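The numbering of the sequence shown is numbering that gives the first Met the number 0, which starts it at 0 and goes up by one.
Note that CB positions come from ideal geometry on N, CA and C, so glycine has one too.
Keep in mind the model is a prediction, meaning the values are calculated, not measured.
To start, the structure under review is shown below, and the notes come after it.
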Amino acid sequence: MKEPDQRRFPFSPFPIGWYWVEFSENVKKGQLQSKTWLGQRTVYWRDDHGKVCLANAMCPHLGANLSPSFGGKLEEGLLVCPFHGLRYNTTGQCVHSPVGELSRPVSLKTFPVCETGGVIFAYWHPEGLEPEWSVPDLDDGDWSRFVYSAREIRTHPQETSENGVDITHLPYVHGYSNVESLEPLHIDGHYLRNRFRLTRLVGPSKHLCMKLDVHATVSMWGVGYSMIEPVMQDAGLYIRQLALCTPIDGEKVNFVMAMQMKDVERPNVLMPGLGLMPKRLLNALLLKIFFKVYVQDISQDFDIWENKQYLIYPRLDASESSIIHFRRYCEQFYTSVE
Ligand code: FES
Ligand SMILES: [Fe+2]
C-alpha cells in the first residue's frame, strides 16, 4: 500500500464495510479459489455443509501460501496447507495436524461472511473488528435471479457511491429527463437513502420505445454496497440494481453491476401489446433489456471515475449539498490506524 501522501485519495483505499466476494453459484463445494480482496491475498471455499469461508491466504503455522495455484487444496471441506498439511475448517480453526495434537491452537484469519439472495459478502475492518451493521436480506419476495457483470476500474468505492447522491449529473451524462429530488438525503448511522424521479426512454428510436417514468431509491450500507430500486407504479414494475464496489489492491476496484426484477404486473403500460407475449418469455426479455441499459448507463461513468481528481474542497452549487452530506456520512468508514 502506498504512503498516504502518494495516494490518489486523501483517505484509505480500504474503508470499513461489507464488500462483494462472489455470486453463490460460482462458489461450489470442493472448489478452492483465491483472489486479492481489500489488499489481502485471500482464499475462499464452501464446505460440505454449504458454509462459505473467506480467509487470508497465509498459513499461520509457518507462512505458506494457501492459494490453489501454490498447492492449497480442499479435503472433505477442510482447507489443507501444502507445507505441513495442517487442516482448517470454515471458522478458520486448525482441526487436524499430520504430526498429531497441536500444543497450542492455530487459526486462520477469516472474515465475517454473509450470503443472501445468491450473493456472498464479507466484512472488512482494518483492525479485524466484528461488523457493526448487517447487509439487507435479499431472499425476500418474488424476485428473479440476479444477472450480473463486473469491470475492473481504477477508482475508489467512495467515488462510485458519490454518484448515487449526485443527481445533477444524471441528465448530462446519462441523458435522463425530468430528474427531480423526492426527499432530502436520509442518513441513519451506516445507512443512507436518496430518492428521486427520472424519465428514461428505452428502445431503438423515439417512436419505438418504452417511456420509463420511475421513482428511484438509492440505498447504501457503507461505500461498497449500493442498491438502486427503480419503481414504475402504474406498470407494476419493480427492479433492484446492485452497484457493488470492492477494492482490489489499493489502485483498482472490482465494480459489479447486478439486477433482478419482479414479474411486471401491467406490461401494456410499458408498451401497448407487450401483454400478449407469454409471461415467462416477456419477463426474461425485459430483464435482459433493462440490464443491458443499466450496464450501458453505468459504463458512461467509468471514464470520468478513472480520470477525475478527488477535490477536498469542490466548488459545488448550494443545490448540491447532498454531496457534502454524503462525504460526512463516509467519514465513519475510516479509522486513523490504517
Ligand atoms: S505453513 Fe502451513 S502447515 Fe506449516
Ligand atoms: Fe452516473
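| Item | Value |
| --- | --- |
| Which of the three DSSP states is assigned to Leu85 in this structure? | coil |
| Which residues does DSSP pair with Asn193 in a beta bridge? | Val217 |
| Excluding the five sequence neighbours on either side, which residues of its own chain have a C-beta within less than 7 Å of the C-beta of Trp123, listed in chain order? | Phe13, Ile15, Gly16, Tyr18, Leu37 and Phe110 |
| Could you tell me if Ala242 is buried or exposed, where buried requires 16 or more neighbouring beta carbons within 10 angstroms of its beta carbon? | buried |
| Could you tell me whether any Cβ in chain C is nearer than 8 Å to the Cβ of Arg239? | This model lacks chain C altogether, as it is built from one protein chain only. |
| Looking at the unbroken beta strand (DSSP E) that takes in Thr115, where does it start and where does it end? | Val112 to Thr115 |
| CB Thr159 to CB Cys244, shorter than 8 Å? | yes |
| Any heavy atom of ligand 1 closer than 7 Å to the CB of Ala56? | no |
| Roughly how many angstroms separate the alpha carbons of Leu286 and Asn25, rounded to a whole number? | 21 Å |
| Please go through the same chain and pick out, in chain order, the residues whose beta-carbon is closer than 7 Å to the beta-carbon of Pro59, but skip the five residues on each side of it. | Val105, Ser106 and Leu107 |
| Give every residue of the same chain whose Cβ lies closer than 8 Å to the Cβ of Thr41, excluding the five residues on either side of it in the sequence, and list them in chain order. | Ser33, Lys34, Thr35, Leu53, Ala54, Asn55, Ala56 and Phe110 |
| What ranges does the beta strand (DSSP E) occupy inside the stretch 8–73, keeping only unbroken runs of at least 3 residues that lie completely in it? | 16–22, 32–36, 39–45 and 51–55 |
| Below 8 Å on the Cβ atoms is my contact criterion, and I expect Val230 with His214 to pass it. Report the Cβ-Cβ distance as a whole number of Å. | 5 Å |
| Pairing CB atoms from the stretch 184–192 with CB atoms from the stretch 274–291, are three or more of them under 8 Å? | no |
| Hey, could you find the ends of the alpha helix (DSSP H) Cys329 is sitting in? | Ser320 to Cys329 |
| With 16 other CB atoms within 10 Å as the buried threshold, where does Pro203 fall? | exposed |
| Which residue or residues does DSSP assign as beta-bridge partners of Asp187? | Tyr190 |
| What does Arg239 pair with, by DSSP beta-bridge criteria? | Gln259 |
| Excluding sequence positions up to five away, which residues of its chain have a Cβ less than 8 Å from the Cβ of Val294? | Ser148 and Met256 |
| Run through DSSP, which three-state label would Trp123 get? | strand |
| Among Lys210, Val222, Arg199 and Phe289, which residue has its Cα nearest to the Cα of Glu338? | This structure cannot settle anything about residue 338, because the visible part of the chain is limited to 0 through 337. |
| Asn253 and Glu151: beta carbons closer than 8 Å? | yes |
| Between Asp46 and Gly71, which are expected to be in contact by the criterion C-beta below 8 Å, what is the C-beta distance as a whole number of angstroms? | That belief does not hold up - the Cβ atoms of Asp46 and Gly71 are roughly 15 Å apart, past 8 Å. |
| In three-state DSSP terms, what is Gln92? | strand |
| Is Cys208 near ligand 1, in the sense that its beta carbon is under 7 Å from a heavy atom of that ligand? | no |
| Of all residues in the structure, which have a C-beta closer than 5 Å to any heavy atom of ligand 2, taken in chain order? | Asn162 and Asp300 |
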